[in-house]
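Some notes on the structure that comes next.
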Amino acid sequence: MDATSSVVLQGGTVVDRTGARRADVVVREGVVVAVGLEVPVPDGARVLDCGGCWVGPGLVDLHTHLRQPGREEAETIESGSRAAALGGYTTVVAMPNTTPPIDSAGVVREIVALAAKALCTVEVSGAITVGRAGERLAPMAELAGLGVRLFTDDGSGVQDGRLMRRALEYARPLGVLLAEHCEDEALAAGGVMHEGEWSSRMGVPGQPAEAEEVMVMRDIALARLTGARVHLQHLSTARSVGLVREAKAAGLRVTCEATPHHLTLTDEACRGFDTVFRVNPPLRPAADRDAVQAGLLDGTVDAVATDHAPHDQEAKEQPFDQAPPGMLGLETAMALTLGQLGLGDDPQTLFALLSWQPGAVLGLDAGAGLVAEGTTADLCAIDPGERWVVDPARLASRSRNTPYAGRELVGRVRHTLHQGEPVVLDQEAQR
Amino acid sequence: MSAHLRCIDDLGRDGVDAVLKLTDSMVEVGRREIPKVPALRGRTVASLFYEDSTRTRLSFETAAKRLSADTMSFTLASSSVKKGESLRDTVLTIEAMGVDAIVVRHASSGVPWQLARWLEGSGVSVLNAGDGWHEHPTQALLDVYTICGEHKAGSLEGLRIAIVGDVKHSRVARSDVFCFAMLGASVVLVAPPTLLPPAIEGWPCEVAHDLDEVLGDVDVCYLLRMQAERTTEALVPSLREYAAVYGLDRRRAQRLPAGAIVMHPGPMNRGVEIAPEVADLPNAVITRQVANGVAVRMAVLFHLLTGQAHEEVRF
């Protein structure tokens, strides 16, 4: 089946920014050519049953670790993009903390070349500083010229406030977005979980919520100072969400994201010392989790972003404080968001948080959030009633570090079309 | 399902009582001309020490040998571990050699829980010989046994116990607080705020910052080891200042009520948390703690590996 053939997504409810309505979607040569009821099925078209499904724009993940180059035992662009497609994503932003990091034109070109065969669009992000070392600016203009739209030192925050200020100022005319992993390393002091009741009892070095919040404050201040846009990654505390709410009310150009795990899990999950729950920022207490949920529902938090962070088994089979932080996210994010936010009757909010709002943060066409004649056929069909149990062995990711093993989720991606190509059909990746 | 001793909760109140009773028999065994019984003949106890610990390792090995168990000892420098196999692979390798119990010491909190998960279904017992800042349950048991032996009442019920010093980084303190409280003692932690865990609301203890206010009415003054590296982390200005404010010097030791005892898990820093001459006072029971450690570990090994209670056995 190639992208030039016609595909009809039949019998579903089309969901986009304009609303939700019963309609079929006809796709040809990578483009939506018709949306409506009883549209004629072109000769030779492949008809995909979307009965009971929401058919909407493909999901957009602002925060994916694809691990290539350098950590191919954990994930590759191919395996990660397959996981993405199965999760309904048609665009993911590949984080730059690879080996070598994405701080030069050569690495950007390598990833662009590898991504040509991916099952989704891979937006390459770049590092803000050379080697993500927080000392000198990476060649942002050169990388922007190669199509890089987002810069971040993700994995760590830019510790030096002056350097972050200069980065924001320098990047402003480039039309790119600077994103921050908010963590003050001096305050975090190497803590490997949230500092609180559980870390105290477990004898595990913790990092206080304030280690995140002081950098959120600083970056909001820098957004004010420079007039540049700032995107705050994987916010995890109630006060972080509150700070962004105030900043937005004050008219500052600040956006932010939250992960499915901060939306669903708390630091108590770490009590058995299972390293699958080690993640950065760490899982927080219930009040923070609830505030992140509220922030997503009231528009403070712009997007659910997975922070999909594959780690091979061996790396996670170390002591809790030595195992690398991170968990898988791409294949479970949609169902977790749907379930945790109770969006069973609200497909528009689900797609807003997972598709067009993150698309808009990055300035992609997907930000328009339209399923209409002439739009690129990046689509997914979600069955909101499908029940399934997360089985790590059956995930498409090369890694197994999901914290949801054995958990029953409701809502599953049935089909995904990437630029018209059916990359997932009936829950199966097609290549 | 294997029996583990990862923390005091694994034993529960009944288990603690059973181990303490068994310890009496083990102390008696230790006094014999040939201090050895065939109770665990044919069993193998492996000790897996990722962190240096002369006294705990020797204490466990002596305990296993007095019960006639075979012993294997793995001492691993952390550097070679980093380059080599994962923790799980190491543990499964040892299990494959055929062991009944693994005694593990690790600088990272939680390792015994990870081992127990990986060994599920194997029948191997995991004994925690100290994990990070988290738990050191056999230390708590030997501390309880020592206190019971020194105190007239023979129990912890109603005793007031001060635990002084670096609670934050202390596995001994975490095990002791919960074990002492479970047995009816009233526990007070005495330390500067920087050396307390960040959130201890809900712990069964009080907190004080003035040692002199607390000393006058305690039955036990338990001193924790103070490490020099805490000064570089800005937790205390200097060891000198720590000794002046929180150290048990002769003047403070004289203010302890008659019959109160001084304890320390070792190794001591004489002149820091405890004055040199205080460590040698008759009411400082530090070497008795060490002696009881062997008997308590014999009791724990026997309890976990045979499941037999005191009443059922004669050595």
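Note that the protein sequences, when read in sequence, are chains A and B. Residues in the first sequence are numbered consecutively from 1, following our numbering. Residues in the second sequence are numbered consecutively from 432, following our numbering. For each residue, glycine too, the CB sits at the ideal point set by N, CA and C. Values in this document were obtained by computation on a predicted structure and should not be read as measured data.
Asked, Found
"Could you tell me which uninterrupted beta strand (DSSP E) segments, each at least 3 residues in length, are contained entirely in the region 487-538 of chain B, listed from first to last along the chain?", "501-506, 532-537"
"Leu785 of chain B: which of B:Arg591, B:Gly678, B:Asp440 sits nearest, CA to CA?", "In the structure as shown, chain B starts at 432 and stops at 746, and residue 785 of chain B therefore has no counterpart that could be examined."
"Is Gly633 of chain B buried or exposed, if buried means 16 or more other CB atoms sit within 10 Å of its CB?", "exposed"
"Consider the Cβ of Ser510 of chain B: report whether some Cβ of chain A lies at a distance smaller than 8 Å.", "With a pLDDT of 42 at Ser510 of chain B, under the threshold of 50, the predicted position of this residue should be treated as unreliable, and no value is reported."
"Compare the Cα-Cα distances from Leu59 of chain A to each of A:Leu119, A:Gln207, A:Gly242, A:Ser199 and report the closest residue.", "A:Leu119"
"Would you report the Cα separation of Ser510 of chain B and Ser517 of chain B, rounded to the nearest angstrom?", "Per-residue confidence for Ser510 of chain B stands at a pLDDT of 42, beneath the threshold of 50, marking its modelled position as unreliable; the derived number appears in the next sentence. Near 12 Å, if we compare the C-alpha coordinates of Ser517 of chain B and Ser510 of chain B."
"State the Cα-Cα distance for the pair Gln427 of chain A and Leu222 of chain A, rounded to the nearest angstrom.", "44 Å"
"Any idea which residues DSSP pairs Cys380 of chain A with across the strands?", "A:Gly56, A:Thr416"
"Taking beta-carbon pairs under 7 Å, can you tell me which members of the region 266-284 of chain A lie near chain B?", "Gly272, Phe273"
"Whose CA, out of B:Val476, B:Leu436, B:Ala494, B:Val522, lies closest to the CA of Thr502 of chain B?", "B:Val476"
"Would you kindly report the start and end of the unbroken beta strand (DSSP E) that includes Arg46 of chain A?", "46-49"
"How about Ala309 of chain A and Gly326 of chain A: are their beta carbons less than 8 Å apart?", "yes"
"Per DSSP, Trp388 of chain A is paired with what?", "A:Leu409"
"Could you please tell me which residues of the region 624-635 of chain B, in chain order, have their CB closer than 7 Å to any CB of chain A?", "Pro628, Pro629, Ala630, Ile631, Gly633"
"Please list the terminal residues of the continuous beta strand (DSSP E) segment that includes Arg605 of chain B.", "Premise fails: Arg605 of chain B lies in the alpha helix (DSSP H), 602-613, not in any beta strand (DSSP E)."
"Are at least three pairs of beta-carbons, each pair with one atom in the region 63-73 of chain A and one in the region 401-413 of chain A, less than 8 Å apart?", "no"
"Alpha carbon to alpha carbon, how far is Gly342 of chain A from Leu265 of chain A? Give it in angstroms, no decimals.", "16 Å"
"Just how far apart, CA to CA, sit His418 of chain A and Leu379 of chain A?", "7 Å"
"Chain B partners of Asp321 of chain A, CB-CB under 9 Å?", "Ala538, Ser539, Ser540, Gly541, Gly563"
"Given a limit of 9 Å on CB to CB distance, which residues of the region 202-218 of chain A reach chain B?", "Met202, Gly203, Val204, Pro205, Gly206, Pro208"
"So, Gly678 of chain B versus Ala706 of chain B, is the Cβ gap smaller than 8 Å?", "yes"
"Flag this pair as yes or no: are the beta carbons of Phe480 of chain B and Arg536 of chain B separated by less than 8 Å?", "yes"
"Just the Cα atoms here: how many angstroms apart are Arg166 of chain A and Val276 of chain A?", "37 Å"
"Quick check on this structure: which residue in B:Leu732, B:Leu453, B:Glu581 has the alpha carbon closest to the alpha carbon of Cys652 of chain B?", "B:Glu581"
"Taking the beta strand (DSSP E) that Tyr653 of chain B belongs to, which residues open and close that run?", "651-654"
"So the beta strand (DSSP E) Met457 of chain B belongs to, where does it begin and stop?", "That residue, Met457 of chain B, is in no beta strand (DSSP E); its alpha helix (DSSP H) goes 439-461."
"Cutting at 6 Å between CB atoms, please list the residues of its own chain near Leu614 of chain B, excluding the five before and the five after it.", "Leu587"
"So, with DSSP's three-state summary, where would you put Pro696 of chain B?", "coil"
"Assign Met694 of chain B to buried or exposed, taking buried as 16 or more other Cβ atoms, counted over all protein chains shown, within 10 Å of its Cβ.", "buried"
"So what does DSSP say about Ala74 of chain A, is it helix, strand or coil?", "coil"
"Check whether the region 22-36 of chain A and the region 313-330 of chain A are in contact - that is, three or more C-beta pairs closer than 8 Å.", "no"
"Under 8 Å between the Cβ atoms of Pro205 of chain A and Asp321 of chain A?", "yes"
"Could you run through the region 58-85 of chain A and flag, in chain order, every residue whose CB is less than 7 Å away from some CB of chain B?", "none"
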